[in-house]
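> Quick one: this structure, given as structure tokens, is what I'll be asking you about.
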Amino acid sequence: MPGFICSDLENKDVFARKHRQKTKMLPFEILMGGVSIYSVVVVIIQLSLPEKSEMRALFSYFDTLACVIFWVGIVFHLFREEHRWRYLFSWGILDLVSAIPGMPLLRFFRILRILRLIKIAHRPSDLTDAIQRAPSASLIYLMGLLLITIYSAACAGVLYFEGQGDKVEIKTGADAMWFGLVTISTVGYGGFVPVTTGARICAAFLMLTGISVFASLAGFLLEPLRRLAQGGTRKLSTEDLAGQITELQMMLQKHLEDKAKDMEQEMQDESSAELDKQEEPDSTE
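Quick note on this note's numbering: the sequence shown kicks off at 12 and runs consecutively.
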């Protein structure tokens, strides 16, 4: 086999592997980008509140929660990245610094992560392709991000409304977080009962969110079993084949674009060489 064909095949394989790796990681990167936006908003609100207020303490707990998610993301990257050391000494350093708890200003480094996500997913086709390739993971990440956002907003709302009432039981940020946890999980155990109307509305919203999320997860877990029972193996293989065809089309388009650029460059080099040959006799005369 000629050398240039082998080189083209190797380039295609490298391009396909990089594209596949980027597509697999894109849903998780979107999740971490959403958590980064969440952490930056939390820090801005936290710094704008009075220093010794319970609301500020509550948002510091939210910041710690974001740091825990960031550390989980770092471990996930170390397991999924092909070049772990390259990640650690590039974006890994930024992730480690921005995940240090107790130092909220470091969370602003996550803005660089958000900008990188925008650069990676700048085309809607990339996002659509990533979701089609990993619909299950994309759904779980989306529900997790919505759950964290709704939980934090409801806890802040409960603490705010209860702080304006009399004979309340939820007085601190820790009380609000515990109440929100037992409410959204539909456990109902916690020893706290909201007495203000606004706090009760927030609690009802939390309960409905918890029921909806757990029902969606149950349906999501049962869906593969239902497909297998109905002969869904053929459907899943068809979806995989469609994804492979899309990937091959993108590879071919990229390869043709590179070849067109190479041909254009060769034509420019040939024309410049001909001009040089025509100028040589004139210079000798």
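Quick reminder that beta carbons are idealized off the backbone N, C-alpha and C, glycines included.
Would you call the CB atoms of Leu158 and Leu42 closer than 8 Å?
no
> Do Phe225 and Ala165 come within 8 Å of each other at the CB atom, strictly closer than that value?
no
> Thr160 and Tyr72: beta carbons closer than 8 Å?
no
> Using the Cβ count rule (16 or more neighbours within 10 Å means buried), how would you classify Gly191?
Residue burial is scored here from C-beta neighbours: Gly191 has at least 16 other C-beta atoms within 10 angstroms and is therefore classed as buried.
> Excluding sequence positions up to five away, which residues of its chain have a Cβ less than 7 Å from the Cβ of Val108?
Leu117 and Phe120
> Within this structure, are the beta carbons of Val319 and Val206 separated by less than 8 Å?
The chain is shown only over 12 to 296; residue 319 falls outside these bounds and no answer can be derived.
> Between the C-alpha atoms of Ile85 and Leu232, what's the straight-line distance to the nearest angstrom?
For Ile85 and Leu232, the distance between alpha carbons rounds to 26 Å.
> May I ask you to report which of helix, strand or coil DSSP gives Ala215?
helix
> Name the two residues that bound the continuous alpha helix (DSSP H) containing Ala146.
Per the sequence shown, residue 146 should be read as Pro rather than Ala. Its alpha helix (DSSP H) spans residues Pro146 to Glu173.
> Let me make sure I understand the geometry here. Which of His88, Leu89 and Ser223 has the alpha-carbon closest to that of Ser196?
Looking at the Cα atoms, Ser223 is the closest of the given residues.
> Taking all protein chains shown into account, do 16 or more other C-beta atoms lie within 10 angstroms of the C-beta of Ser282, making it buried, or fewer, making it exposed?
exposed
> Quick check: the stretch 94 to 114 against the stretch 74 to 82, are there 3 or more CB pairs under 8 Å?
yes
> Taking C-beta to C-beta, are Glu65 and Gly184 nearer than 8 Å?
yes
> What is the DSSP secondary structure of Ser101, counted as helix, strand or coil?
coil
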